[in-house]
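Position 9, counted from 1, in the sequence shown is what the numbering used here calls 85; the numbers after and before it change by one each time, with no gaps.
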Amino acid sequence: MYKQNYNNNIQKLSSFSTSGANSGQGGPTSLRCVFCKEEKPLDAFSQTQIQKATHNPYAPVSYNKKAKLISCKKCSPTQQTHLTCSICSKTQPLDKFAKSQRRNAEKARCIKCNKKREEEDVWASDPETDSDDEFDQY
77 MYKQNYNNNI QKLSSFSTSG ANSGQGGPTS LRCVFCKEEK PLDAFSQTQI
127 QKATHNPYAP VSYNKKAKLI SCKKCSPTQQ THLTCSICSK TQPLDKFAKS
177 QRRNAEKARC IKCNKKREEE DVWASDPETD SDDEFDQY
């Protein structure tokens with residue numbers, strides 16, 4: 077299925093020659109999205125997707141022969157602008173989270189919850205470990 081869409085896209089792209097750059101021939105005018113399976117004009121695709129679909133003369137032969145998943149802007153995921161804190165369950169903008177917390181969205185904790193956790197005194201709840209007597213025995 078993907079291979080068929082890829083072959084269709086390559087046939088369209090390879091029908092345009094690279095000789096005579098000013099000859100008036102343009103590139104392909106449309107591509108097929110592999111997710112919605114619709115033929116769409118090039119402005120419905122990002123530049124990265126268009127470059128992926130075109131033949132790259134500098135790439136190895138195996139790269140150009142490999143089927144590529146080309147998706148339109150509508151089917152492509154958007155950039156994440158908000159996260160939900162795993163502690164307080166509030167959805168907040170990214171600037172309320174540390175960069176290290178943004179990497180794993182399921183376990184992300186907001187800056188406020190991180191500060192609360194840092195301020196908790198872990199050793200205050202366990203009185204047995206406060207004394208050094210047990211280490212003096214040896």
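Glycine residues also receive a C-beta, built at the ideal position from the N, C-alpha and C atoms.
Buried or exposed by the 16-neighbour rule on C-beta atoms within 10 Å, applied to residue i
i: CYS112; result: exposed
i: GLU185; result: Sequence check: residue 185 is Arg here, not Glu. Counting Cβ neighbours within 10 Å, ARG185 comes out buried, since at least 16 surround it.
i: LEU107; result: buried
i: GLN177; result: buried
i: GLN155; result: exposed
i: GLN125; result: buried
Endpoints, alpha helix (DSSP H) assigned at residue i
i: GLN177; result: 175-178
i: THR154; result: Careful: THR154 lies outside any alpha helix (DSSP H) and carries neither H nor E.
i: ARG185; result: Premise fails: ARG185 is in no alpha helix (DSSP H) and is neither H nor E.
i: ASN132; result: Segment: none, ASN132 is in no alpha helix (DSSP H) and carries neither H nor E.
First through last residue of the beta strand (DSSP E) which encompasses residue i
i: SER106; result: 106-108
i: GLN168; result: 167-169
i: LYS116; result: 115-117
i: THR160; result: 158-160
Residue i vs residue j beta-carbon contact at 9 Å
i: ALA129; j: PRO104; result: yes
i: LEU109; j: CYS148; result: Position check: residue 109 holds Cys in this sequence, whereas Leu was assumed. Taking 9 Å as the Cβ cut-off, CYS109 and CYS148 qualify as a contacting pair.
i: LYS175; j: LYS188; result: no
i: LYS150; j: ALA120; result: yes
Does the count of Cβ pairs from the stretch 147-164 and the stretch 173-187 closer than 8 Å reach three? At 8 Å Cβ cutoff, the stretches touch.
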